[in-house]
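Residue numbers (the numbering used here), protein chains in the order written: chain C, 189 to 400; chain D, 4 to 115. Each residue gets a CB set at the ideal place from its N, CA and C atoms; glycine is no exception. Computed from a predicted model, the values in this text were never measured in an experiment.
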């Protein structure tokens, strides 16, 4: 199974250097994988919690919105929220977790600095609509948080998988193969050393037998 | 990085109307084809940083969603619609865990 190589001392040295490098790389990658995993587990737990919360609150907001739709006509609802008062803008930054570039979101509301988030007057709309929009606007930061965490989890999972593949390839393919080849060359060299030795002894015997 | 990205939401009209009021750009879609088209448009657009999509729409346009997911930005997040949750978002978390850990360790207790 070993790689076809010339069993020479030079080749042996070269392979030994490669083996040492592979072992070092393997150790480093293993450390990287472990640390990634630790970060991942923290994030993924947060992700799960966040999603549960968001889904539950979103369902509540939808419920309220449905109520609003029920007491007001569809046109009235649409008209009411036609022109949003506020505009949410997000800032997308990159955060580096173990050389995985994950997004980091920050956000701010832009719009007229009025004290109301409602894009309509109160005269023609129902309280249910206010309620649903209020819930939703409270929820939005959590939604953005969820987006950030979920994407990070996704990216980390990809990176962990990649790293694990590399660790496994080194551990189960590269390193054993190199070790086998090193052993093969060492044995080959030893063998020729022994052959050389016996030959010398033999020659010495012959010389001695011929008489001084 | 860039000039302030915005937020968008894709889904059926009833589910996303409320988002409009809080300043999110809405893309109402009715069928799978439309959902795909909208996703592809947004994917190539730098204007949006975060895109929410209702699970119903995401399920209908699965390939487009997968494509979208390959990109770092915009971030695509499935959310439940007004018809309730399909469990797609949770499923995604579970898949991530499985991919990274090799086994499902978070949701194991809930009987699968």
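If you draw a 10 Å sphere on the C-beta of residue 221 of chain C, you find 16 or more other C-beta atoms in it, and that means buried.
In this model, residue 229 of chain C and residue 245 of chain C are separated by some 24 Å (Cα to Cα). Classified as buried, residue 56 of chain D has 16 or more neighbouring CB atoms from the shown chains inside 10 Å of its CB. Between residue 293 of chain C and residue 332 of chain C, the C-beta gap is smaller than 8 Å, which places the two residues in contact. Here residue 236 of chain C is buried: its Cβ has 16 or more other Cβ atoms, across all protein chains shown, within 10 Å.
With a 10 Å radius around the Cβ and a threshold of 16 neighbouring Cβ atoms, residue 389 of chain C comes out exposed.
If you look at residue 398 of chain C, you'll find it isn't in any beta strand (DSSP E); DSSP assigns it neither H nor E. Out of D:31, D:19, D:30, the CA that lies nearest to the CA of residue 251 of chain C is found in D:19.
At least one beta carbon of chain D lies nearer than 8 Å to the beta carbon of residue 239 of chain C. Taking the Cβ atoms as the reference, residue 358 of chain C lies roughly 47 Å from residue 247 of chain C, outside the contact range of under 8 Å.
Against chain D, a Cβ distance below 8 Å from residue 359 of chain C picks out nothing, because the smallest value is about 15 Å. For the pair residue 340 of chain C and residue 225 of chain C, the Cα-to-Cα distance works out to about 13 Å. Non-local C-beta neighbours of residue 337 of chain C in its own chain, meaning closer than 7 Å and more than five positions away in sequence, comprise 231, 234, 235, 238, ordered along the chain.
Annotation for residue 213 of chain C: 358 place their beta carbon closer than 8 Å to its own, counting only its chain and skipping 5 residues before and after. Exclusion of the five residues before and after residue 74 of chain D leaves 46 as the residues of its chain whose Cβ lies within less than 8 Å of its Cβ.
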